[in-house]
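Residue numbers (the numbering used here): 250 to 450.
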């Protein structure tokens with residue numbers, strides 16, 4: 250079954266390969282990169298229907314003007330630029346915490362936790378698949394929440410809840426040999442961690 254599941258990811262690539270030629274080019278790409286205003290208008294009409302879209306074209310022209318006045322920096326110039334230092338620190342912190350947040354450990358040890366929880370061997374791959382599905386669904390949920398609450402709230406909330414879940418998971422894994430129901434609580438915590446990871450970081 251696993252080879253088929255892995256191969257199924259190629260299905261979305263095939264769908265994109267077949268359908269993408271029928272999609273219009275991005276209006277901003279046509280106007281900014283290609284300088285083709287007529288093709289830009291045509292793409293806008295195809296995307297948003299007939300009507301007066303001059304305001305959108307004016308916005309793209311403003312963006313083009315802003316890009317023309319902005320100097321492109323090399324990597325070393327970005328590092329040396331004092332005005333960009335705080336943005337660089339924030340980006341490095343977010344990327345580092347994302348790598349060290351524990352999601353890889355959760356995926357790696359989840360099989361063992363499920364095995365200890367007395368799940369049948371044939372069920373464990375499906376439960377693991379459920380974890381991946383949880384992450385996928387929570388990522389979709391995040392795209393709707395980010396507009397309402399903002400990135401900062403989701404980051405702080407996600408990491409806070411993930412830390413709490415990891416602390417509880419450490420406790421339940423330590424006590425799993427004393428209480429039989431701790432195994433199932435650990436499984437629930439793993440799913441919660443993945444959901445908080447998907448909606449937060």
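Every residue gets a Cβ at the ideal spot worked out from N, C-alpha and C, and that includes glycine.
If you look at residue 419, you'll find it in the alpha helix (DSSP H) that goes 400-423.
The beta carbon of residue 276 sits closer than 6 Å to the beta carbons of 289, 292 and 293 from its chain, once the five residues preceding and following it are set aside; these are given in chain order. Residues 407, 410 and 411 of the same chain have their beta carbon placed closer than 6 Å to that of residue 445, with the five preceding and five following residues left out of the count.
Every alpha helix (DSSP H) stretch that sits fully inside the segment 320-395 and reaches 4 residues is listed by chain position as 324-329, 334-348 and 352-365. Counting the other Cβ atoms within 10 Å of the Cβ of residue 418 gives 16 or more, which makes it buried. Taking a cut-off of 8 Å for Cβ pairs, the segment 304-317 and the segment 370-387 do not touch, as fewer than three such pairs fall below it.
Bounds of any alpha helix (DSSP H) do not take in residue 300, whose DSSP letter is neither H nor E. For residue 265, the enclosing alpha helix (DSSP H) begins and ends at 251-268. In the structure shown, residue 311 adopts helical secondary structure according to DSSP, grouped into three states. In chain order, 383, 384, 385, 386, 387, 388, 390 and 391 place their CB closer than 8 Å to the CB of residue 447, counting only its own chain and leaving out the 5 sequence neighbours on each side. Here residue 259 is exposed. Its C-beta has fewer than 16 other C-beta atoms within 10 Å. For residue 278, no alpha helix (DSSP H) run applies, since DSSP gives it neither H nor E.
Around the beta carbon of residue 421, a 10 Å sphere encloses 16 or more other beta carbons of the protein chains shown; the residue is thus reported as buried.
The beta-carbon distance between residue 366 and residue 432, rounded to whole angstroms, is 4 Å. This is short enough to meet the 8 Å contact definition.
Residue 395 places its beta carbon 7 Å or farther from that of residue 443.
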